[in-house]
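Here the sequence shown stands for residues 95 to 632, where the numbers follow the working numbering. Just so it is clear, CB atoms sit at the ideal spot from N, CA and C, and this is done for glycine as well. These notes are about the structure you will find just below.
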Amino acid sequence: MSDYIFGHKNPDTDSITSAIALSKLKNKLGHDTVACRLGDINKETKYVLNHFKVDKPIFIENVKTQIKDLNYDEVMSIDPKHSILYAYKLMEEKKIRTLPIVKDNKLIGIVTMKDIAMGLINGNYYKLKTGLTDMASDLKGKVLVKSEDEIEGRIYVISYFYKTIKKDKFLDENSIIIVGDRYDIIKHAIDSKVKLIIITGDNDLPEKYLKKAAKNNVNIISVNMDTYTTSKLINQCNYISSIMKDNNIVKFYEGEYLDDIREKIITNKHSYYPVVTKDNKYLGFMSRRHMLKPNKKKVYLVDHNEYTQSALGLEEAEILEIIDHHKLGDIKTDTPINFRNNPVGSTCTILYNMYRELNIDIDYRIAGLLISGIISDTLLLKSPTTTFYDKNAVNELNKILNLDIEKYAMDMFKAGTSLEGQSIDEIFYKDFKEFNINGNKIGIGQVFTLDIEDVFNRKEKFIEFIKKIQQDKDYEVTLLLITDIMKEGSYLIYKCVKEGIMETAFNKEAMQGMFVEGVVSRKKQVIPKISDALKILK
Numbered sequence: 095m096s097d098y099i100f101g102h103k104n105p106d107t108d109s110i111t112s113a114i115a116l117s118k119l120k121n122k123l124g125h126d127t128v129a130c131r132l133g134d135i136n137k138e139t140k141y142v143l144n145h146f147k148v149d150k151p152i153f154i155e156n157v158k159t160q161i162k163d164l165n166y167d168e169v170m171s172i173d174p175k176h177s178i179l180y181a182y183k184l185m186e187e188k189k190i191r192t193l194p195i196v197k198d199n200k201l202i203g204i205v206t207m208k209d210i211a212m213g214l215i216n217g218n219y220y221k222l223k224t225g226l227t228d229m230a231s232d233l234k235g236k237v238l239v240k241s242e243d244e245i246e247g248r249i250y251v252i253s254y255f256y257k258t259i260k261k262d263k264f265l266d267e268n269s270i271i272i273v274g275d276r277y278d279i280i281k282h283a284i285d286s287k288v289k290l291i292i293i294t295g296d297n298d299l300p301e302k303y304l305k306k307a308a309k310n311n312v313n314i315i316s317v318n319m320d321t322y323t324t325s326k327l328i329n330q331c332n333y334i335s336s337i338m339k340d341n342n343i344v345k346f347y348e349g350e351y352l353d354d355i356r357e358k359i360i361t362n363k364h365s366y367y368p369v370v371t372k373d374n375k376y377l378g379f380m381s382r383r384h385m386l387k388p389n390k391k392k393v394y395l396v397d398h399n400e401y402t403q404s405a406l407g408l409e410e411a412e413i414l415e416i417i418d419h420h421k422l423g424d425i426k427t428d429t430p431i432n433f434r435n436n437p438v439g440s441t442c443t444i445l446y447n448m449y450r451e452l453n454i455d456i457d458y459r460i461a462g463l464l465i466s467g468i469i470s471d472t473l474l475l476k477s478p479t480t481t482f483y484d485k486n487a488v489n490e491l492n493k494i495l496n497l498d499i500e501k502y503a504m505d506m507f508k509a510g511t512s513l514e515g516q517s518i519d520e521i522f523y524k525d526f527k528e529f530n531i532n533g534n535k536i537g538i539g540q541v542f543t544l545d546i547e548d549v550f551n552r553k554e555k556f557i558e559f560i561k562k563i564q565q566d567k568d569y570e571v572t573l574l575l576i577t578d579i580m581k582e583g584s585y586l587i588y589k590c591v592k593e594g595i596m597e598t599a600f601n602k603e604a605m606q607g608m609f610v611e612g613v614v615s616r617k618k619q620v621i622p623k624i625s626d627a628l629k630i631l632k
């Protein structure tokens, strides 16, 4: 399975483009990775991907451990038309106690050693349904006359005199007889057009009987066993489907999560459980022991390093590396990892430098993604988070691209900032992150737009929505940051538990929709200011 590379929830352009760029870099270095996303891509990111003709990363809901992550046993299966005897020999040879029965790759039943044993005790000793050639093989015999492939009928072991059999007339077209070299009985059976004659003792039959049997559609096999042994084994030549369990099979789909099935396995008496695909294709068998040391999903994180911003089930995964430009979060690992955390304006700037350090060529598409991530996160290098390294990366990348940077950036921002047709919920959660500041839960959404009027036409509805989020999530501060790219500042719509947080944080009279000049960075400006205000008002 490929290792996953993904950014934070509610992904922005930097998050998506850095995931794609890191995946390309790792794969060039010989790793097997795939770029992923934890949510829908926004309009700006869609514009970037379309412009450079790059597919969006695959969507994943979580990185929880699934059954497909286990080292379950790939137990070989058999066809329902194999015999009970064949199944038994296979189970003995492979030292397995549960065998899957599969038709057209789909699981249709299972059989255990106990099922075979109970079949020998309680089975129907007189009924036989099996394949002629397979039965001859199971009984170590040979086919003398074959009129049909499948045999079904009632079994008789002939121990009567010929006259008794002829008088009682109990042989018919559904009869299967086991007999030695008693030609009078054999002739009568052929005349009665029985289904099958099994001749014991490895005896050959004169040609005239074989010809007549073929004419009357009577099947004949010869076995190298005595009549007693043959009669003991004949019942085991039935199809394995005759004793398999095909109802209420406890099985699990490969996509099911371990947390969801633990209780079912613990409370169930079975030792082994079939693993199948969603369309019931058989894959293997799992047991409790397989759950003790599951293979964790291997992941790389970009543009975040906090649990609340990452994939569900991250604590169950193995984090291989983190590439980020935000403050240190709360993610912990059991073993040392590569953790690159640089104070730059964009994760894509870090990725650009990694390509250069490793002397890996940057192609046109990757250059386009990297420059787009930097432009987006630094607001075309105007954000206070912008560093020399961001500017240098943009200059060097554009040597590959030869873009009109100003025009491309404005086209990208226009495509991304249009709020037409978007609900209040969609706007608020477009780029939403949750933070924990000294034990205080803070929720901040940020939207970059050139269409400020659309937001203010719905200001009261935004205020009511934020109040509800405040109550539901128990945030100390809930804030929507509406950043005007042209004016290089942000409007604030908020709800705080304590009075005075906004005034203290931004040093001006607080009111809904207040404009704070120069504030465009949630990470470098808003979070530190709110953190300081919370300390002062503690």
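Pairing CB atoms from the region 303 to 319 with CB atoms from the region 229 to 249, are three or more of them under 8 Å?
yes
Which complete alpha helix (DSSP H) runs does the region 301 to 381 hold, if anything under 4 residues is left out?
301 to 309, 321 to 327 and 352 to 361
Closer than 8 Å by C-beta to L495: which residues in its own chain qualify, once you throw out the five before and the five after it? Chain order, please.
Looking up residue 495 in the sequence shown gives position 401. If we look at L495 and ignore the five residues flanking it on each side, its Cβ neighbours are Y458, A461, G462 and I465.
Alpha helix (DSSP H) segments (min. 4 residues) lying fully within the region 113 to 195
137 to 145 and 178 to 188
Taking the Cβ atom as the reference point for each residue, do L575 and Y588 lie within a distance shorter than 7 Å?
Here residue 575 refers to the residue found at position 481 when the sequence shown is read from its first residue. Here residue 588 refers to the residue found at position 494 when the sequence shown is read from its first residue. The answer is no: Cβ separation not under 7 Å.
Three-way DSSP call (helix, strand, coil) for V549 in this model
The count along the sequence shown starts at 1 and reaches residue 549 at position 455. The answer is helix: DSSP assigns V549 an H, G or I state.
Roughly how many angstroms separate the alpha carbons of Y376 and I621, rounded to a whole number?
Translated into the one-based positions of the sequence shown, residue 376 becomes position 282. Translated into the one-based positions of the sequence shown, residue 621 becomes position 527. So the alpha carbons of these two residues sit roughly 52 Å apart.
Do you know offhand how far I425's Cα is from Y502's?
Stepping through the sequence shown from its first residue, residue 425 is reached at position 331. Stepping through the sequence shown from its first residue, residue 502 is reached at position 408. About 36 Å.
Spatial neighbours of M229 within its chain, please: CB distance less than 6 Å, with the 5 preceding and 5 following residues excluded, ordered by chain position.
In the sequence shown, the residue the question calls residue 229 occupies position 135. Cβ neighbours of M229 beyond the five flanking positions: C331.
Look up Q565 in the DSSP assignment and give the residues it is bridged to.
By one-based count along the sequence shown, residue 565 stands at place 471. None, per the DSSP bridge assignment.
Where does R616 fall in DSSP's three states?
Translated into the one-based positions of the sequence shown, residue 616 becomes position 522. Helix at R616.
How far does the alpha helix (DSSP H) with Y98 in it reach, from first residue to last?
Here the question's residue 98 lines up with position 4 in the sequence shown. Segment D97 to F100 is the beta strand (DSSP E) holding Y98; no alpha helix (DSSP H) there.
Straight-line gap, L143 to C590 (C-alpha atoms, nearest Å)
Numbered from 1 along the sequence shown, position 49 holds the residue referred to as residue 143. Numbered from 1 along the sequence shown, position 496 holds the residue referred to as residue 590. When rounded, the distance between both Cα atoms is 38 Å.
Quick check on DSSP: helix, strand or coil for L408?
The residue you call residue 408 lines up with position 314 of the sequence shown. Note: L408 maps to helix in three-state DSSP.
Around the C-beta of T644, are 16 or more other C-beta atoms found within 10 angstroms, so that it is buried, or is it exposed?
The requested residue 644 is not part of the displayed model; the chain covers only 95 to 632.
Given this structure, state the Cα-to-Cα distance separating I249 from K287, to the nearest angstrom.
Taking the sequence shown and counting its residues from 1, the one referred to as residue 249 is at position 155. Taking the sequence shown and counting its residues from 1, the one referred to as residue 287 is at position 193. Near 14 Å, if we compare the C-alpha coordinates of K287 and I249.
Excluding the five sequence neighbours on either side, which residues of its own chain have a C-beta within less than 8 Å of the C-beta of I245, listed in chain order?
In the sequence shown, the residue the question calls residue 245 occupies position 151. Result list for I245: L222, K223, T224, G225, L226, M229, I270, K289, L290 and N313, in chain order.
Can you find the residues in the same chain that come closer than 6 Å, C-beta to C-beta, to K120, ignoring five residues on each side of it along the sequence?
Residue mapping note: residue 120 aligns to position 26 of the sequence shown, counting from 1. The residues are T127.
Rounded straight-line distance, which links the Cα of M95 to that of Y569
Counting from 1 along the sequence shown, the entry for residue 569 is found at position 475. Counting from 1 along the sequence shown, the entry for residue 95 is found at position 1. The alpha-carbon atoms of Y569 and M95 are separated by roughly 38 Å.
Do H102 and K397 have their beta-carbon atoms positioned less than 7 Å apart in this structure?
Within the sequence shown, the letter at position 303 stands for residue 397. Within the sequence shown, the letter at position 8 stands for residue 102. Here residue 397 turns out to be Asp, not Lys, going by the sequence shown. For D397 and H102, yes; Cβs fall inside 7 Å.
Under 8 Å, with one C-beta from each stretch per pair, do the region 347 to 355 and the region 152 to 166 reach the 3-pair mark?
yes
On the DSSP letters alone, give me the boundaries of the alpha helix (DSSP H) that N492 sits inside.
Reading the sequence shown from its first residue, position 398 is the one you call residue 492. From DSSP, the alpha helix (DSSP H) with N492 extends over F482 to L495.
How is the beta strand (DSSP E) around R276 delimited, first residue to last?
For the purposes of this step, residue 276 is identified with residue 182 of the sequence shown, where counting begins at 1. First-last for R276: undefined, no H or E at that position.
Which of the three DSSP states is assigned to K555 in this structure?
Here residue 555 refers to the residue found at position 461 of the sequence shown. K555 falls in the helix class under three-state DSSP.
When the distance is taken between beta carbons, is I272 closer than 7 Å to T324?
As a working note, residue 324 is residue 230 in the sequence shown. As a working note, residue 272 is residue 178 in the sequence shown. In contact: T324 and I272 (Cβ atoms closer than 7 Å).
Output the residue ranges of the alpha helix (DSSP H) runs that lie fully inside the region 391 to 471 and measure 4 residues or longer, sorted by chain position.
441 to 451
Whole beta strand (DSSP E) elements within the region 201 to 264, 3-residue minimum
221 to 225, 235 to 239 and 244 to 251
P105 to D525 span [Cα, whole Å]
By 1-based counting over the sequence shown, the position of residue 105 is 11. By 1-based counting over the sequence shown, the position of residue 525 is 431. So the two alpha carbons sit approximately 7 Å from each other.
Could you tell me whether the region 442 to 456 touches the region 125 to 140, using the rule of 3 or more Cβ pairs below 8 Å?
no
Can you tell me the Cα-Cα spacing of Y640 and I595, whole angstroms?
Residue 640 lies beyond the range of the chain shown here (95 to 632); nothing can be said about it.
What are the residues that DSSP puts in a beta bridge with F609?
Position 515 of the sequence shown holds residue 609. Answer is Y585, bridged to F609.
Contact check, Y394 vs I99, beta carbons under 7 Å:
Along the sequence shown, one-based indexing puts residue 394 at 300. Along the sequence shown, one-based indexing puts residue 99 at 5. In this structure, I99 lies closer than 7 Å to Y394 by Cβ.
Taking C-alpha atoms, which residue in V196, M580, S381 and I518 lies nearest to K476?
Taking the first residue of the sequence shown as 1, we reach residue 476 at position 382. It is M580.
So for I74, helix, strand or coil by DSSP?
Any answer about residue 74 is impossible in this case: the structure gives the chain only from 95 up to 632.
Neighbour-count burial assignment, V183, 16 or more Cβ in a 10 Å radius:
The count along the sequence shown starts at 1 and reaches residue 183 at position 89. Note that residue 183 corresponds to Lys in the displayed sequence, not to Val. Exposed is the call here.
Count the other CB atoms within 10 Å of the CB of Y333; is the residue buried (16 or more) or exposed (fewer)?
Walking along the sequence shown from the start, residue 333 turns up at place 239. It is buried - the Cβ of Y333 has at least 16 other Cβ atoms within 10 Å.
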